[in-house]
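A.B. asks: Before I ask anything, let me first share the structure, which is written out below as structure tokens.
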Ligand code: 5RP
């Protein structure tokens with residue numbers, strides 16, 4: 006059911022894609038559908054060039070014959086299509102459950118338009134119920150973790166920080182070789198200030214708040230796909 010909705014949202018995003026476009030390809034189970042649908046279009050002769058936001062997405066796109074490039078060769082992209090973990094009414098997002106937030110943010114920032122695709126379960130009034138992923142350098146993890154905890158407490162975090170782990174208990178390592186701390190807020194009342202404060206911490210590489218980056222969201226509900234812009 007949810008998978009059907011994700012595919013419907015992805016299909017709507019595909020209607021925005023024009024021949025010759027430079028596209029950012031997101032990461033996650035919803036973005037997977039977009040890449041899959043785009044792959045079918047490419048197999049039928051559609052021309053585009055894409056930058057993937059993770060190694061997983063790169064492998065999927067390669068397997069479908071989608072032409073790939075990078076942000077060294079392409080300075081700007083037309084559209085990035087990606088999923089999200091939370092979407093607020095102003096289209097601010099929490100992203101990073103799939104661990105790709107750093108490349109996702111770099112690719113979205115290099116894109117003229119970021120389109121988010123999701124099912125309705127991702128809509129929230131206020132960000133923060135979903136844990137906020139914070140990507141950190143491995144060096145000095147303890148010190149970075151303590152400073153993040155202080156900053157988060159000052160922003161009203163209701164829970165602690167959890168080092169993300171794989172199923173077998175090893176630390177989860179991102180495509181960039183960093184670690185992820187998941188932060189439990191409950192409610193993020195001042196996302197812009199939190200964003201700035203987290204980025205001021207030396208060991209923080211990036212975080213999963215995507216503020217004022219998304220221009221349009223296709224959110225699939227059982228009664229149809231809603232466009233939010
Ligand atoms: C990966 C992400 C994903 O886009 C986000 O987690 C949504 O994933 P899904 O579509 O599987 O719910 O940010 O880093």
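Residue numbers (the numbering used here): 6 to 234. Ideal Cβ positions, reconstructed from N, Cα and C, are used throughout, including at glycine.
(1) Under DSSP, the beta strand (DSSP E) around residue 124 begins and ends at which residues?
(2) Buried or exposed for residue 136, going by 16 or more other Cβ atoms inside 10 Å?
(3) Answer yes or no: the CB of residue 109 versus the heavy atoms of the ligand 5RP, is any distance below 7 Å?
(4) Any idea what DSSP makes of residue 44, helix, strand or coil?
(5) Return helix, strand or coil for residue 91, following the three-state DSSP convention.
(6) So which of 111, 125, 52 has the shortest CA-CA distance to residue 77?
(7) Could you compute how far the alpha carbon of residue 196 sits from the alpha carbon of residue 58?
(8) Any idea which residues DSSP pairs residue 140 with across the strands?
(9) Starting from residue 232, follow the beta strand (DSSP E) in both directions and report where the run begins and ends.
(10) Would you say residue 18 and residue 120 are within 8 Å of each other, going by their C-beta atoms?
(11) In the DSSP output, what is residue 71 paired with across the bridge?
(12) When you compare only the Cα positions, how much space is there between residue 233 and residue 147?
(13) Please say whether residue 28 and residue 99 have beta carbons closer to each other than 8 Å?
(14) Assign residue 84 to one of three DSSP states: helix, strand, or coil.
(15) For residue 143, collect the residues of the same chain with a Cβ closer than 8 Å to its Cβ; drop the 5 residues on either side in sequence, then sort them by chain order.
(16) For residue 62, count neighbouring Cβ atoms within 10 angstroms of its own Cβ and tell me buried if that reaches 16, exposed if not.
(17) Where the beta carbon is closer than 6 Å to any heavy atom of the ligand 5RP, which residues qualify, in chain order?
(18) Say whether chain B places a C-beta atom closer than 8 Å to the C-beta of residue 125.
(19) Can you tell me where the beta strand (DSSP E) with residue 221 in it begins and where it stops?
(20) Reducing DSSP to helix, strand and coil, say where residue 134 ends up.
(21) Can you give me the C-alpha to C-alpha distance between residue 243 and residue 186, rounded to a whole angstrom?
(22) By a C-beta neighbour count over all protein chains shown, 10 Å radius and 16 as the cutoff for buried, is residue 87 buried or exposed?
C.D. replies: For this structure:
(1) 116-124
(2) buried
(3) yes
(4) helix
(5) strand
(6) 111
(7) 23 Å
(8) 185, 211
(9) 229-233
(10) yes
(11) Paired residues: none, contrary to the question.
(12) 40 Å
(13) no
(14) strand
(15) 182, 183, 184
(16) buried
(17) 31, 32, 33, 34, 35, 36, 87, 88, 89, 90, 100, 101, 102, 103, 104, 105, 106, 109
(18) Absent here is chain B; the protein component of the structure consists of one chain.
(19) 221-226
(20) coil
(21) In the structure as shown, the chain begins at 6 and stops at 234. Residue 243 is therefore absent and cannot be evaluated.
(22) buried
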